[in-house]
Amino acid sequence: MTVLEEVVRDDWGRLLALLVARFGRLDLAEDALADAVEAAARTWPADGVPANPAAWLLTAARRRALDRLRAEAVAARRVPVLAVEAELAQEAQRTMADSGEVLVDERLRLVLLCAHPSLSREAAAALTLRLVMGVTTEDVARLFLVPTPTMAARLTRARKRLAGARFELPPPDALPGRVTFVEDVAYLAFTAGYAPGSGADVLRADVAGEALRLVAVLRSVLPAGLPERDQAELDALLALMLLQHSRRDARVRDGALVLLPDQDRGLWRHDEVAEAVELLQPWVHAPPSPYLLQALVAAEHAIAPSPGETAWERIVQRYDELLDLVDSPVVRLNRAVAVAEASGPQAGLAALSGVALPGHRLPAVRAELLARLGRYDEARTAYDAALAMCGNDAERAHLLTRRAETDAG
Amino acid sequence: MTGVTTYAVLLPGDESVWEAASPEERAATYARHEEFSRLLAERGHTIVGGAELTHSRTAKVVRSNGSGAVVSDGPYAEAVEQLSGFYLVQSDDLDDLLQLCGLLAGDDGGVEVRATIDHEGDPS
């Protein structure tokens, strides 16, 4: 990674937040910063990297924004402006005058602006990745499996929707609600990278990693004193993402999807597992909440030395608690898988009865359990049902392999 | 390929029946869809698209009032039966497809099959 790539990765959101605070306009701030990065890519290789790269970018972006404002004043264009308190704008200006030695961190405002309740979760997720994390439009498009021009148009609509929104911190009692929305948006972006949609792309883990980093940033810029349950959920979400992300190298072998029991556990990132377990430690006996329970399930897998040593009874128990909080067909399906591991395929099948879920996952699980019971004809029928509804190449290949094995059995 | 047509398999239904259905009844319905999908694949038809739709009360209708587009809430037409989902199926055997669609016809509604028009061969 070049110095410039590193600065963009680490400081994009911080710099953009400052520019938004100073100029009150997302479009202007974003264009100016993009121009500054482009200028840096042109000049740094020849002139050498400046002593303070982030400050260099900020100064270049500020000049560029001022130039644009002058040009616009001539054109007398009216542009919607974000509501920024005068004090904040002044502070941002002061920071820039200090040549950016000390960067005040306004990223929380930026996060809350992008993950704005007036946007759909999908639009908010895309915009947050683009503006706070500096992920390119092309990569955001790849993550959500849409063509780049489609994503560019979606981002433009989202930005327009935010014109006139407030670049501010909500009152303390409203903050947890807004944080919950950011969490949902981040997790949506994260799972988009791991849930194979249609087509040949097995996973887009690198971009999903940016959603993980977003939660880490959110955690670092939030003021202390979040209510305990909200703090637990935030820590648990970060842990959940770390645990899932830690398996990225083991999830694919020769282009094919490798499911949890068959993964080479030596390929898991054990430093990330350790970090997640540490995050969860204080909350193990906390009152149950959705992300916490999911993270605790993921942790059970992570700490099991081998698939056979997984504490399935404890996992079933966690799913029972989760069902009490959120009764959804997906939770029931996952619980049935755990029941099958803890008490055998017959019990798993029983747990599946009454689960209503369209798509290929339900018949795929049923097929697997039927095959384990030696009911091969029924298993093949269920595999065929799953195959007929599965649009992802990697998962199809897996189902076809399993189906062929029932022929041999 | 000649003779292959893409059909829209439309699933109108009484939404109140679906809303009142028990988890077991819903599971049974999805099971019929699994069976439908499986048999289509087995008999050489290809599902190329489709979706289950949200309740028609969440629908938006866009109409032109002469000076511009107006968005209103609710379905296009007030009716007991509303479109609840659809499949797009490529098939070269409409009779067989219709027979399989019988699986999806139930107390809450029938199935409407319409061939789509392929403009590929139109003179340009």
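From first to last, the protein sequence lines stand for chains L and S.
Numbered by this note's numbering, the letters in the first sequence go through residues -8 to 400 in order.
Numbered by this note's numbering, the letters in the second sequence go through residues 448 to 571 in order.
Ideal placement from N, C-alpha and C gives every residue a C-beta, glycine not left out.
Please read all numbers here as calculations on a predicted model, not as lab measurements.
Could you check where the beta strand (DSSP E) with residue i kicks off and where it finishes?
i: S:Thr531; result: Just to set this straight, residue 531 of chain S is Ser in the shown sequence, not Thr. First-last of the beta strand (DSSP E) with S:Ser531: Glu528 to Ser538.
i: L:Ser111; result: Premise fails: L:Ser111 is in no beta strand (DSSP E) and is neither H nor E.
i: S:Arg561; result: Glu559 to Ala562
i: S:Glu472; result: Looking at the DSSP string, S:Glu472 is not in any beta strand (DSSP E); the run it does join, the alpha helix (DSSP H), is Pro470 to Glu489.
i: L:Pro320; result: Unbroken run through L:Pro320 is the alpha helix (DSSP H), Pro320 to Ser334; no beta strand (DSSP E).
Does the Cβ of residue i have 16 or more other Cβ atoms within 10 Å, making it buried, or fewer, making it exposed?
i: L:Thr421; result: The shown model of chain L, from -8 to 400, leaves out residue 421 of chain L, and the question about it has no answer.
i: L:Leu250; result: exposed
i: S:His492; result: buried
i: L:Ala293; result: buried
i: L:Leu457; result: With chain L running from -8 to 400 in the structure shown, residue 457 of chain L is simply not present.
i: L:Gln337; result: exposed
i: L:Leu391; result: exposed
i: S:Ser469; result: exposed
i: L:Met380; result: buried
i: L:Val275; result: exposed
For residue i, decide whether its Cβ has a neighbour in chain L, counting only Cβ atoms nearer than 8 angstroms.
i: S:Glu462; result: no
i: S:Glu466; result: no
i: S:Glu567; result: no
i: S:Glu579; result: Because chain S spans 448 through 571 in this model, residue 579 of chain S falls outside it and cannot be assessed.
Can you tell which of the options has the C-alpha that lies nearest to the C-alpha of residue i?
i: L:Val243; options: L:Gln235, L:Gln254 and L:His236; result: L:Gln254
i: S:Cys548; options: S:Asp520, S:His480, S:Pro470 and S:Glu462; result: S:His480
i: S:Arg573; options: S:Asp461, S:Asn512, S:Pro570 and S:Ala562; result: Residue 573 of chain S lies beyond the residue range present for chain S, which begins at 448 and ends at 571; the question has no answer from this structure.
i: S:Leu486; options: L:Leu391, L:Ala388 and L:Leu378; result: L:Leu378
i: L:Leu99; options: L:Gly200, L:Gly155, L:Ala25 and L:Arg210; result: L:Arg210
i: L:Ala45; options: L:Ala62, L:Ala56, L:Leu60 and L:Ala27; result: L:Ala27
i: L:Val(-2); options: L:Ala25, L:Leu248 and L:Arg260; result: L:Ala25
i: S:Leu544; options: S:Glu559, S:Leu530 and S:Gly553; result: S:Glu559
i: L:Ala77; options: L:Ala116, L:Glu269, L:Ala12 and L:Arg33; result: L:Ala12
i: L:Arg387; options: L:Leu361, L:Gln308, L:Arg352 and L:Leu364; result: L:Arg352
i: L:Leu284; options: L:Glu63, L:Ala333, L:Leu229 and L:Val208; result: L:Leu229
i: L:Lys151; options: L:Thr128, L:Val126, L:Ala114 and L:Gly168; result: L:Ala114
i: S:Asp410; options: S:Val509, S:Gly513, S:Ala526 and S:Gly556; result: Only positions 448 to 571 of chain S appear in the structure, and residue 410 of chain S is not among them; the question remains open.
Should residue i be flagged as near chain S, meaning a C-beta pair shorter than 8 angstroms?
i: L:Gly39; result: no
i: L:Leu378; result: yes
i: L:Val346; result: yes
i: L:Thr372; result: yes
i: L:Pro138; result: no
i: L:Asp164; result: no
i: L:Asp375; result: yes
i: L:Gly190; result: Only weak support is given to the placement of L:Gly190: the predicted model assigns it a pLDDT of 49, under 50, and the value that follows is read from those uncertain coordinates. Closer than 8 angstroms: no.
Taking residue i as part of the alpha helix (DSSP H), name the residues at either end of that continuous run.
i: S:Gly496; result: Not the alpha helix (DSSP H): S:Gly496 falls in the beta strand (DSSP E), residues Thr493 to Glu499.
i: L:Thr141; result: Thr139 to Leu153
#### Entry: Contact list for the region 470 to 496 of chain S against chain L, Cβ threshold 7 angstroms
Pro470, Glu471, Arg473, Ala474, Tyr477, His480, Glu481, Glu482, Ser484, Arg485, Leu487, Ala488, Glu489 and Ile494
### Query
If you measure beta-carbon to beta-carbon, which residues of the region 524 to 550 of chain S are closer than 7 angstroms to chain B?
Judged by its chain identifiers, the structure shown contains no chain B, and its protein chains are L and S.
### Query
What residues in the region 300 to 326 of chain L have a beta carbon less than 7 angstroms from any beta carbon of chain S?
Answer in chain order: no residues at all.
### Query
Listed from N- to C-terminal order along the chain, which residues in the region 348 to 364 of chain L have their beta-carbon within a distance smaller than 8 angstroms of any beta-carbon of chain S?
Answer set for the region 348 to 364 of chain L: Leu348, Pro349, Leu353 and Pro354.
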